[in-house]
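Student: First, the structure itself, so that you have it in front of you.
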Amino acid sequence: MAPVSPAKELAKPKKKATTISKSISRVFRRAKASVSSNNSDSSSASTLAASCPSDAGEIEELFLQAVDGLALPKTAMDRMHALPLHQKWQIIHEWSAKQGADTTSEPRTWVQTLHEALDDLSSFSDQDARELHVLMRGSDKEWLTQFHKDDGIAALSDLTGVYAAMDDGDAYATRFTECLKCFKSLMNNHVGMHFLLEHPSAVHTLAFSLDFDQKERTLMLLEMLSLTCWFSALGHTTVLDAMELLRRRQNERMRYASLLHGMATASSVEVQAACLTFINTLVSTSVRVDDRILVRNDFLALDIVPLCQRVLTGFESTATPHLVYGMYGFGDLEVEAMGRFRKQAQVFQGLLRADTDEVVCGALDLSDVRAVLSKLVENASVQGCSDRLLHVALALLVIPNEVAMGHTMWDLVEASALDITSALLPELTEKKRSMVTAVKRWLEQRATASSEGIESNRVVLEETPLAVQTRLVEATATIAQLEAEVDRLRSQLHEATTMPPPRQATTTNASDNTLATTLPEAAAPHEAYAKYFKLLKMGMPLEQVQLKVKADGLDPAVLATSAPLAAPTVDASYDKYFKLLKMGMPLEQVQLKAKADGLDPSKLAVATPEAPATSAVVDTRYEKYFKLLKMGMPLEQVQLKAKADGLDPAKLSGGATLSPPDGQPAPPKSNMAAATVVATAPVRAVSKLPPKKTPTPSTKMRNLFWTPLPDVVVEGSIWATLDETTLSLDWSLLEREFGQEVCVKTAKTAVTKAKVVHLVDPKRQQNCSIALTRFRLSPTELCDAILSLNESLLTLERVSILEALVPTTDELDLINSYEGDMTLLGETEKWFAAVRHVPRLPQRLQSISNQLSFASRFDDLKAKLSTLEKARSTLHAATPTLLPLLHVVLAVGNYMNNGTARGGAYGFKLEILPKLSQVKATSSTRTLLHVVAEVVKAKAPDALAFLSSATCLEAAATVSLPQLLLDATALERSVDLVRQEVGHQPDAAFRRRFGPFVDTSSMSLERLRADVSSHETKFAALCTRFGFKQPDATGFFGLWSDFGRQLVAAARELQSSTAAEPEDGAGLFNQFSESLAGDATDIVAKLRKRHAPATAPAGVPNELALKLARRRQSTLKTS
């Protein structure tokens, strides 16, 4: 048969690929009798030709099956279809050998190899890297899927990152290129690209591996990053994240700085062109215009436009029009790369203009002049250039109305405006760069001047230590003089403190002599020391005041030797008000309270009690009690202790104001000190309003919490004219409504609680007491309910509790030996005493429990038996339906076991059915169960439908027939126990209730036993029919349930895989290269169209808009 030409092959409809399951079904249909040879050593050409089938159609079918398993582009598949038959058979033979038992090509093996390489780099050789690359380049979808599931992409990414971090001279770094080729093979189809994007760290590793000094590596990495951006929005976002991480890793202030630096310093034009292509792809693949502007602004801030101009200018200045042998210059590759670079530069500017038009004119009618001018005014206002727009408009107004000259000037204005907004963009950016360069140069000059100033300062600083040393010597001498002066002053102070006091004057007529007798000479009043004593009264420390006195040239010892001032004498009735003032209560409120108590509030404003003088004489008998008060002991306790010792406890409540003991005179009080205190105390303006008279209630009233006005505020206001005595109010009504009753505390009589007697173990007593409280009945009432068989009280739950409360023999002996008052016993002991006379209490309670639980236990056994019988009858009726399924499994097993001891079997044990999912395919992620499911779906769909709807099998799998028999035997024993107890219980009520129960339950159990025996016979026959030797319902029905669930799941997976979206014919790298073909205008159109929204409204261009677009397009081409 002649080979099919490519044209005819393309004209034919695409034939569905033949899977291995269909090959098995074909073999099953033909039932071949002959068995092929298994000689694996015959690999010669003669053996290959001899094994070639004579039917060309079979070769084509097998060839389609082999090609379908490869993830190849459509163009490569078309070329392979044009091959002759012998080459196709050779490809089939190689593919079948690859799908054999060689485990070295399995994804899991290579993933393990990559993990071992991370631990030991020497275990992964160059040959291993090349083999992995070749394997991934020719791998199919199943291989890539399994490689992804085993975390092979993550392992390959980690290993690539390790190689990228090594130096170029390292021996292991040479394998980095092979790892990049593996990634490139993975990214060449949709399946691999989707798997790669599920591992963002792999894309981050590619970005981190950029090294512009390595040409081949950089070209490959830029192409892969560009393809990732171009593939999908997720790829674009992943690359953006990778560039941001690269910025942080290199500690750059702006994104893409390393990318622009690499493009500027690259020695290869191809690298520069690839870098600019990546930039355009990164900018254009953003769907939203705001995102494109954001990314582009980062590149514009790095002066990408002037950089492109410099690259183009440098190439044009270096290129030679006609090269002669021996001359240096650019070759064809460099010229072609520079053409790509120039085209990408035009693409960058074209995309910039397109986005600008979209932002400015996106929702603007270009045919409406007024709308365009309004937009222009708005933009100028936003940018703060309204004055400039007005200036330009005023200049345009002077254009004459004459046709010839006016049209000429308008043409010039239009050309100038287009030049400014289009062609002059590189010049503007270059001007900006030159300005930045000038500023940088000025800063360098300033830095040079600053360095010269620093040098001069350094010389001065070197001379400074000599002057500092001289000053240090002078300061040391000054300090020594000051220390000598301090020693002298200390000696004078010591002499002043040890000097005896002066003698008192004999005359008492003159006030000066009186003052001299009460104060030391050092404390004599002096005008110069008055302000310092005021500072001491204000609370300033003595040391600070003495320093100030010394600074003013006075003697600080005068302040230290002066006696403290005595406190003024204050009435004891005002003590509590002074305490309130010390607690922080405002003076006005305290004065109001003193006024309400009939005291003079002005005394609180004039005199404030001070602490007792340190010279006060304290009785030595009270010293220990004051120490106790200082230690924090309550005053009441200290007073009680003083009273017990025969002392006056009232003296402790007075604080430090104790009178001296008898026979000891009190120290004299200084009149001058008192006068000084009175003179220096703050004087407040106090009102002279008399105390207000208010009727006194006869009972305690509730308080009204208002804020009284001070007397100063009342004077001159309306409140001063009010008098409550003129109202004649009914005060009894207020007392009746708002009076508070005085609670009389009644003395509680102590009740002596009788002691409870416990005889049993405490833990046992506690547990029994807790259980008895749930009945809420006395022990006697509970015992009567047991004797009378009260059905309302004796429920199944309560009887179960009572069975645990039955007393033991030892506990009954304790109760019987007790001869005391029975009312003193605990609840547990009372319960034991109440039931000790009940005959055969444990057996009685057990009989009641058996009767109450018989119905539920019997119904449960009947339900389980019904479930088993339903599953047995269903499976027995479906045996003809399941027979084709077993036939398919038998044929597949014999085909796979051909030539072995397990082959040629007439049947198999059903235990293998759930294990079909464990037999993995050698060339894909499928299992033998998927193959069986596909064949069964075509050959025996009724079996698949039966297994998907047979829910009774899953329910029967949870029931065990042996356990059911044991439960039935236990139920019969419980009925026998009740039958025996009927004869032992003495009361007739028990026999009347439980006699009929024994008869009816025995008959029910006999019928249940007959049903179980019948089911056992039928189930054993069903197991024998299927060759199941162990008649266990759990294993038999569970086996069919598990197999049916797995088979239905495999059929659904096959259905979902066949409904998957088909891949594009060509590889992704070829598609990306095709998108870069054409001129700059075509590339811009392709890039804008790829990620444009499908529902974007198509605007209807008018004549003015088309004219403007043609003019701008012509400007783009000329630039």
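Just so it is clear: in the sequence shown, position 890 is 890 by the UniProt record's numbering, and no numbers are missing.
C-beta atoms are modelled at their ideal positions from N, C-alpha and C, and glycine is treated no differently.
This structure is a prediction, so every number in the text was calculated from the model and none was measured.
(1) Given L186, which residues of its chain have a CB within under 8 Å of its CB, disregarding the five upstream and five downstream residues?
(2) With H, G and I counted as helix, E and B as strand and the rest as coil, what does DSSP make of K909?
(3) Would you be able to state if there are at least three C-beta pairs under 8 Å between the stretch 864-875 and the stretch 976-991?
(4) Considering K630, what are the terminal residues of the alpha helix (DSSP H) in which it resides?
(5) Using a Cβ-Cβ cutoff of less than 6 Å, which residues in the same chain neighbour V486 once the five nearest sequence positions on both sides are dropped?
(6) What's the C-alpha gap between L352 and Y163?
(7) By how many angstroms is the C-alpha of Q766 removed from the C-alpha of Q843?
(8) Would E1053 and H930 be called neighbours here (beta carbons separated by less than 9 Å)?
(9) With DSSP as the reference, label V757 as helix, strand or coil.
(10) Does DSSP put L825 in a helix, a strand or coil?
(11) In the DSSP assignment, find the alpha helix (DSSP H) that holds F775 and state where it starts and stops.
(12) Rank D600, Q637, L647, M631 by C-alpha distance to the C-alpha of R621 and give the top, closest one.
(13) Going by DSSP, what residue range makes up the alpha helix (DSSP H) through E1006?
(14) Flag this pair as touching only if the stretch 820-837 and the stretch 926-944 have three or more C-beta atom pairs under 8 Å; answer yes or no.
(15) Name the two residues that bound the continuous alpha helix (DSSP H) containing T228.
(16) Could you compute how far the alpha carbon of V283 sits from the alpha carbon of A950?
(17) Taking the C-alpha atoms as reference points, what is the distance between P695 and L729?
(18) Tell me which residue opens and which closes the alpha helix (DSSP H) that C385 is part of.
(19) Can you tell me the Cβ-Cβ gap for L787 and V838, rounded? I've got them flagged as a contact below 8 Å.
(20) What does a CB cutoff of less than 7 Å around Q851 pick up in its chain, not counting 5 residues either side in sequence?
(21) When you compare only the Cα positions, how much space is there between N898 and S1014?
(22) Taking the C-alpha atoms as reference points, what is the distance between V377 and H391?
(23) Reducing DSSP to helix, strand and coil, say where L424 ends up.
(24) Drop a sphere of 10 angstroms on the beta-carbon of C385, count the other beta-carbons inside from all chains shown, and report buried for 16 or more, exposed for fewer.
(25) What is the C-beta distance between P634 and A642, in whole angstroms, given that I count them as a contact (C-beta under 8 Å)?
(26) Keeping to the same chain, check which residues put their C-beta closer than 6 Å to that of A834; ignore five residues upstream and five downstream.
(27) Would you kindly report the start and end of the unbroken alpha helix (DSSP H) that includes K1029?
(28) Within 10 angstroms of the Cβ of G326, are there 16 or more other Cβ atoms? Answer buried if so, exposed if not.
(29) Would Q346 pass as a contact of T277 if the rule is Cβ separation under 9 Å?
(30) For K692, which three-state DSSP category applies?
(31) Which of the three DSSP states is assigned to M254 in this structure?
(32) With a threshold of 9 Å between beta carbons, is R798 in contact with chain B?
(33) Considering only C-alpha positions, which residue in the set F908, L789, Q846 is nearest to R992?
(34) For G339, which of helix, strand or coil comes out of DSSP?
(35) Note down, in chain order, each residue of its chain lying with its Cβ closer than 7 Å to the Cβ of R857, except the 5 sequence neighbours on either side.
(36) Under the three-state reduction of DSSP, which class applies to K920: helix, strand or coil?
Tutor: Let me spell this out:
(1) M136, L144, I153, G192, M193, F195, L196
(2) Assigned with DSSP and collapsed to three states, K909 falls in coil, not helix or strand.
(3) no
(4) 623-630
(5) Excluding its 5 nearest sequence neighbours in each direction, V486 has no C-beta neighbour in its own chain below 6 Å.
(6) For L352 and Y163, the distance between alpha carbons rounds to 38 Å.
(7) 25 Å
(8) yes
(9) strand
(10) strand
(11) Careful: F775 lies outside any alpha helix (DSSP H) and carries neither H nor E.
(12) L647
(13) 988-1025
(14) no
(15) In the DSSP annotation of this structure, the continuous segment of the alpha helix (DSSP H) that includes T228 starts and ends at 215-231.
(16) 58 Å
(17) 11 Å
(18) C385 -> no alpha helix (DSSP H), and no H or E assigned at all.
(19) 7 Å
(20) Here the set comprises V978, F994, F997.
(21) So the alpha carbons of these two residues sit roughly 43 Å apart.
(22) CA-CA distance, V377 to H391, rounds to 12 Å.
(23) Low local confidence applies: a pLDDT of 44 at L424 is under 50, so the model's placement there is unreliable, with the coordinate-based value given in what follows. Note: L424 maps to coil in three-state DSSP.
(24) Exposed, because fewer than 16 other Cβ atoms sit within 10 Å of the Cβ of C385.
(25) In this structure P634 is not in contact with A642, their Cβ atoms being roughly 13 Å apart against a cut-off of 8 Å.
(26) P779, T780, C783
(27) Careful: K1029 lies outside any alpha helix (DSSP H) and carries neither H nor E.
(28) With a pLDDT of 42 at G326, under the threshold of 50, the modelled position of this residue cannot be trusted; read the value that follows with caution. Exposed: under 16 other Cβ atoms inside 10 Å.
(29) no
(30) coil
(31) coil
(32) Note that chain B does not occur in the displayed structure, where there is just one protein chain.
(33) L789
(34) helix
(35) L971
(36) strand
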